[in-house]
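Participant:
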Amino acid sequence: MSETTDFRVEREALERFMKAVLGRAGADEASASAATRALVTASRMGTDSHGLRLLPHYVQALQGGRLKGVPRMRFERRLPATGYLDADDGLGHLAAYSAMEHAVEMAEQVGMGAVAVGNASHFGAAGCYALAAAERGLIGLVTCNSDPFVLPHQGSRPFHGTNPIAFAAPVAGEQPYLLDMATSAIPWNRVQQYGAIGRELPDQVAADAGGRVTRTPGEVAALLPLGGSEFGFKGAGLGGMVEVLSSMLAGMQHGYRLLPMGGPDMASPRGIAHFVMALRPDAFAPGDPFPACLRRYLDDLRAQPGRNGGEVLVPGDREWACQAQRDARGIPLDSANQAAYAELAERLDVPPLRPLS
Numbered sequence: 000m001s002e003t004t005d006f007r008v009e010r011e012a013l014e015r016f017m018k019a020v021l022g023r024a025g026a027d028e029a030s031a032s033a034a035t036r037a038l039v040t041a042s043r044m045g046t047d048s049h050g051l052r053l054l055p056h057y058v059q060a061l062q063g064g065r066l067k068g069v070p071r072m073r074f075e076r077r078l079p080a081t082g083y084l085d086a087d088d089g090l091g092h093l094a095a096y097s098a099m100e101h102a103v104e105m106a107e108q109v110g111m112g113a114v115a116v117g118n119a120s121h122f123g124a125a126g127c128y129a130l131a132a133a134e135r136g137l138i139g140l141v142t143c144n145s146d147p148f149v150l151p152h153q154g155s156r157p158f159h160g161t162n163p164i165a166f167a168a169p170v171a172g173e174q175p176y177l178l179d180m181a182t183s184a185i186p187w188n189r190v191q192q193y194g195a196i197g198r199e200l201p202d203q204v205a206a207d208a209g210g211r212v213t214r215t216p217g218e219v220a221a222l223l224p225l226g227g228s229e230f231g232f233k234g235a236g237l238g239g240m241v242e243v244l245s246s247m248l249a250g251m252q253h254g255y256r257l258l259p260m261g262g263p264d265m266a267s268p269r270g271i272a273h274f275v276m277a278l279r280p281d282a283f284a285p286g287d288p289f290p291a292c293l294r295r296y297l298d299d300l301r302a303q304p305g306r307n308g309g310e311v312l313v314p315g316d317r318e319w320a321c322q323a324q325r326d327a328r329g330i331p332l333d334s335a336n337q338a339a340y341a342e343l344a345e346r347l348d349v350p351p352l353r354p355l356s
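Residue numbers for the sequence shown follow numbering that gives the first Met the number 0, beginning at 0 and rising by one.
#1: Could you name the residues that DSSP lists as bridge partners for Thr40?
#2: Report the rounded CA-to-CA distance for His101 versus Glu218, giving the unit in angstroms.
#3: In the DSSP assignment, what are the bridge partners of Thr81?
#4: Take Val39 as the anchor and find which of Val58, Gly63, Leu13 and Ser30 has the nearest alpha-carbon.
#5: Starting from Pro201, trace the beta strand (DSSP E) in both directions and tell me its first and last residue.
#6: Since Leu343 and Pro55 should fall inside the 8 Å C-beta cutoff, what is the C-beta to C-beta distance between them, to a whole number of angstroms?
#7: If we count the other Cβ atoms within 10 Å of its Cβ and call it buried at 16 or more, is Ser145 buried or exposed?
#8: DSSP state of Asp348, grouped into three classes?
#9: Who are the near neighbours of Glu2 in its chain, counting only those whose CB is closer than 8 Å to its CB and skipping five residues on each side?
#10: To which residues of the same chain is Thr81 closer than 7 Å at the C-beta, ignoring the five residues directly before and after it?
#11: By DSSP, does Asp179 sit in helix, in strand, or in coil?
#12: With DSSP as the reference, label Met251 as helix, strand or coil.
#13: Quick one: Cα of Met0 to Cα of Ser228, how far?
#14: Report buried or exposed for Ser30, applying the criterion of at least 16 other Cβ atoms within 10 angstroms of its Cβ.
#15: Identify whether Val311 lies in helix, strand or coil by the three-state DSSP scheme.
#16: How many angstroms separate the CA atom of Ala90 from the CA atom of Asp27?
#17: So for Leu343, helix, strand or coil by DSSP?
#18: Which residue marks the beginning of the beta strand (DSSP E) containing Pro169, and which one marks its end?
#19: Is Glu2 helix, strand or coil by DSSP?
#20: Ends of the alpha helix (DSSP H) at His56?
#21: In or out: Ala86 buried (at least 16 other Cβ within 10 Å) or exposed?
#22: I'd like to know whether the C-beta atoms of Ser334 and Asn188 end up nearer to each other than 9 Å.
#23: On a CA-only basis, which of Arg211, Ala119, Glu107 and Asp287 is nearest Ala94? Give me that one, please.
#24: Identify, in the order they occur along the chain, each residue of the same chain with its Cβ nearer than 6 Å to the Cβ of Ala221, setting aside the five sequence neighbours on each side.
#25: For Ala119, which three-state DSSP category applies?
#26: Quick check: what's the CA-CA separation for Leu53 versus Gly123?
#27: Expressed to the nearest angstrom, what Euclidean distance is found between the alpha-carbon atoms of Arg256 and Asp299?
#28: Is the distance from the Cβ of Ala24 to the Cβ of Leu347 below 9 Å?
#29: Which residue's Cα is closest to the Cα of Arg279: Gly236, Ala37 and Glu134?
#30: So, Ala165 versus Leu130, is the Cβ gap smaller than 9 Å?
#31: How would you label Thr215, buried or exposed, when you count the other beta carbons within 10 angstroms and need 16 or more for buried?
#32: His359 to Met99, Cα distance in whole Å?
#33: When DSSP labels each residue in this structure, what does Leu93 get in the three-state scheme?
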């Protein structure tokens, strides 16, 4: 999203608005708080496609019956380091945060913990949940499947979802190392976001109904896997790996068989699956060398010469810089999101967001 918009809101105001809207749509306190935490975290770091832009969708899914606003999630610890969470078709944000909390508790006890999550739903940005582990001093890994948006390498119709991978690690004295990536060239929400603001897509990220590369959001029928039309076997392979970790460990159907996120059926649950894992760094090599080793790695990486005056960044650097800027200047809403939020406020009788003066 462009940072030139004049409509910016305070983080706290956005949080209050989201919680109020989700509550009016039927979400209980835990569900509304978890979704708000994830959406605001994503938008503070500049990922509005998986942040504030998604609020209207979750409202529609709650009101349509696809999502339970008051789920009865059930966790079963299967072995000392493994467990299964039945999300009961609730908001995916609550499911993922809850699963990571269980994984962290196991990791603190036995060195690692992994949880498969079934009967879940879309959870926004996967990095939010890996970050939850890093904030506790642990390494976090998160994957999730989704309905088919992405062409297989050399395929003609979508098969995999955008199937994200997120990885976070604690760094002493600074923000965590944070990688959050789709296994497609871009996420589907980015296509919708660009279409809403009339922006052209980059090359080699999306295709039309004939499988031809297109840069026009309105023509997009599928995404290309990471690597584009020539090297997409890499992204396709990673997408399959995510599917194995997510749907198959949880005993759910794989993404090709899922109902589409965008409807038209907003009454039937989709059965998305997540996978979360937490690792306790000091449970591995003797003497706990992890902090010093990671510090040397990051220092050496950032010290590498840039090309054409550019700067070599560590995963997360760009996001943390954006977060600092948005915390200071406010979180921007583009024209499409301004209209969507005004409509929610009026329809659900919630005080509208006001821009910073």
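Positions of the beta carbon are idealized from the N, C-alpha and C atoms, including for glycine.
Facilitator: Taking the geometry as given:
#1: DSSP, once it has assigned bridges, lists no residue as partnering Thr40.
#2: 43 Å
#3: Leu78 and Ala113
#4: Of Val58, Gly63, Leu13 and Ser30, the residue nearest in Cα terms is Leu13.
#5: It is not in any beta strand (DSSP E) - Pro201 carries neither H nor E in the DSSP assignment.
#6: 6 Å
#7: That one is buried.
#8: coil
#9: Its pLDDT being 46, under 50, Glu2 is placed unreliably by the model, and the measurement read from it follows with that caveat. Counting only Cβ-Cβ distances below 8 Å, and skipping sequence neighbours, we find Gln324 and Pro331.
#10: Ala113
#11: strand
#12: Secondary structure of Met251 (DSSP, three-state): coil.
#13: The pLDDT assigned to Met0 is 39, lower than 50, so where the model puts this residue is not dependable; a value taken from the coordinates is nonetheless given after this. C-alpha separation (whole angstroms): 26 Å.
#14: By the neighbour-count rule (16 or more Cβ atoms within 10 Å), Ser30 is buried.
#15: The answer is coil: DSSP assigns Val311 none of H, G, I, E or B.
#16: The question names Ala, but residue 90 is Leu in the sequence shown. Distance between the alpha carbons of Leu90 and Asp27: 10 Å.
#17: helix
#18: Ile164 to Val170
#19: With a pLDDT of 46 at Glu2, under the threshold of 50, the modelled position of that residue is not reliable, and the figure given next carries that caveat. Three-state DSSP puts Glu2 in coil, outside helix and strand.
#20: Leu54 to Gly63
#21: buried
#22: no
#23: Ala119
#24: Only Leu150, Pro157 and Ala206 meet the Cβ criterion.
#25: strand
#26: 8 Å
#27: 45 Å
#28: yes
#29: Glu134
#30: yes
#31: exposed
#32: It is not possible to answer for residue 359, since the shown part of the chain is limited to 0 through 356.
#33: helix
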